[in-house]
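Residue numbers (this note's numbering): -5 to 469. C-beta: ideal position from N, C-alpha, C; glycine also. In what follows, a structure is listed as structure tokens, so that the remarks can point back to it.
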Amino acid sequence: MNHYPVPYYSPMVHVLLALMVVGATAVDYTPYLLPLKREVVPVMKNGRTVSHRSAFYGTISVGGPDPQQFSVVFDTGSGHVVVPSVECTNATCMEHRRYNISRSASGLAINSDGTPVPPDELCDQVTIGFGTGTVKGEFAREKVCMGSPTRALCSDVTIVMAVEMSEQPFRSFTFDGLFGLGLSSLSLAPEFSFFGQLAAGGASSAHAVPSRFGIFLTDCEDGKGSEIAIGGYNAARLAGPLTWAPVVKPKLGYWQVQVKAVRVDGRDLGICKNNACTAILDTGTSHLGVPHHIKQGLSDMLTVDAPAGTNNDCRSATAPALDIDLGDFTIALLPKDYMRREPLNRTNKTGLPCGSTPSSGQACSSRCTPRLMPVNMMAPLGPNLFIFGEPILHRYYTVYDWLAPRIGFGIAQKQTGTTGNEGEHQHRHPSAEVPTPPTAGVDAGASGDAEDLVAQDSHIFLMQLAFQVVHGTRL
């Protein structure tokens, strides 16, 4: 049994990436643009919607000659391509499209070291733990293509065929699996990294793909216009110039940057002195993750009375500005960026949502609360770790440069149009009205406050936290 709390790092991958970029400079490469859809899942408490979870996903195809299509979250916080296997028969997998290796001429069952699984011998299995949920899977070498089979960007990669998937978050959403875009050292081996393999395959080619990708996530209700650009970035999605921040601790595999200070209405919280804070960009996280020991205090500073009127949309509330200083660049968030849409109703006496207990006729007050998620991690990631999820990724277009490595931030061009296109936006059935158990790295809170009760199951956090390989476990 091998356990990898922090995956190993392969310097050879960066050598291949350097060769790839040299080859790419001779040609004018137009980035490949893959549209993303947005799915919103209502979170229910006492018969009413109190929050929403959301995820962005796109299409990949696996195998051939008749490719099998899957919808996946393109996740900068994980390092593997994961799709449900036809061998998975639990309720979660049965609600998704499942990969059948016997239908693919290009698929080969392998062990974790890349060798074929001998006939009648046990195969290796891996268990991957995420901030929300777990996956157990087996390995296959396969052709994977981003996009539809008729127009796609393809590479041979080792995939994880999931034979078990946890109910949360995978059953709550319609997306089938995950497509890890973390640095290669976040993967079990370089062969598991789609982007790393794409780089290696094109290192000696005049048609090599440049070592960058860009992500654009709209805050529109329908998610229209969201996309991932491979081989560069889409300048049309920028409302201003890019500012670059270097990746720190690249051997850990995350797209992680240094945080110099956090300020609320200009007031420094004082927790990031002496380079004590970092942040990981995670496209698979729906909230802004903050160190658990400051979450309550920061939430109190940003919580305000709900705006008057029938609309009652907290994104239009008057509330403090939240600034996150990265050194050469400051991320500036306003209430429209960080607030939950729905106000939180509380009774004067109990502090619980209206209707949860007899209120004895007491009037309810509505409060607007931020989309914060407490993060509780030890070194080398924590303890002062932030997770840059959707609240930041809606406001900023982000570009990820594998060679440097570094991350570019630029104000995103706002989209027009906000409603109703089912081709771009889907509502899933509401989450069950029970709290989700706390998951690794996330402090769900236990104070009994109404905000904590909502926070326990209102976020989706797909950052990969650990994996464990067991050799020879299934025929």
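One or two residues paired with residue i in a DSSP bridge
| i | result |
| --- | --- |
| F124 | Q458 |
| T392 | I209 and F403 |
| E115 | Answer by DSSP bridge pairing: none, since E115 is not bridged. |
| Q62 | V56 |
| N339 | S360 |
| K31 | Y51 |
| P244 | Answer is none; P244 lacks a bridge partner. |
| S149 | V138 |
| A223 | L27 and G208 |
| Q471 | This structure cannot speak to residue 471, because the chain is shown only from -5 to 469. |
| A106 | The amino acid occupying residue 106 in the given sequence is Ser; Ala does not appear at that position. BP columns for S106 are empty, so no partner. |
| H46 | P36 |
C-alpha distance - residue i paired with residue j, whole-angstrom precision
| i | j | result |
| --- | --- | --- |
| A273 | L177 | 15 Å |
| N105 | P112 | 9 Å |
| L459 | S72 | 8 Å |
| F50 | V56 | 20 Å |
| G540 | I222 | Here the chain covers residues -5 to 469 and nothing more, so residue 540 does not appear. |
| G402 | A239 | 6 Å |
| A103 | C308 | 50 Å |
| A300 | Y332 | 14 Å |
| C471 | I386 | Residue 471 falls outside the range modelled here, since the chain spans only -5 to 469, and no answer is possible. |
| T470 | K289 | The requested residue 470 does not occur in the structure, where the chain is confined to residues -5 to 469. |
| K254 | G41 | 42 Å |
| V76 | T24 | 28 Å |
| P244 | Q252 | 12 Å |
| T126 | F380 | 16 Å |
| V35 | K330 | 20 Å |
| G101 | P204 | 27 Å |
| C148 | A398 | 24 Å |
Per-residue burial, residue i [other beta carbons within 10 Å of its own, 16 or more giving buried]
| i | result |
| --- | --- |
| T297 | buried |
| S425 | Here S425 scores only 39 on pLDDT, less than 50, and its place in the model is too uncertain to base an answer on. |
| M372 | exposed |
| S293 | buried |
| N269 | exposed |
| K408 | exposed |
| D322 | exposed |
| G466 | exposed |
| T83 | exposed |
Sub-7 Å separation of residue i and residue j beta-carbons
| i | j | result |
| --- | --- | --- |
| G260 | M367 | no |
| V258 | P314 | yes |
| V256 | I318 | yes |
| Q62 | Y93 | yes |
| D69 | G174 | yes |
| L328 | T363 | no |
| P235 | N378 | no |
| S280 | E384 | yes |
| V138 | G278 | no |
Supposed contact pair residue j and residue i - C-beta distance, whole angstroms, cut 8 Å
| i | j | result |
| --- | --- | --- |
| E33 | T86 | That pair is no contact at about 16 Å. |
| K141 | P78 | Here the sequence assigns Gly to residue 141, which means Lys is not the residue at that position. Incorrect: roughly 20 Å between the Cβ atoms, too far for contact. |
| W249 | L275 | 5 Å |
| I122 | E136 | In fact, because the Cβ distance is near 17 Å, the residues do not count as touching under 8 Å. |
| F64 | R91 | 6 Å |
Min CB distance residue i to chain C below 7 Å
| i | result |
| --- | --- |
| A302 | Absent here is chain C; the protein component of the structure consists of one chain. |
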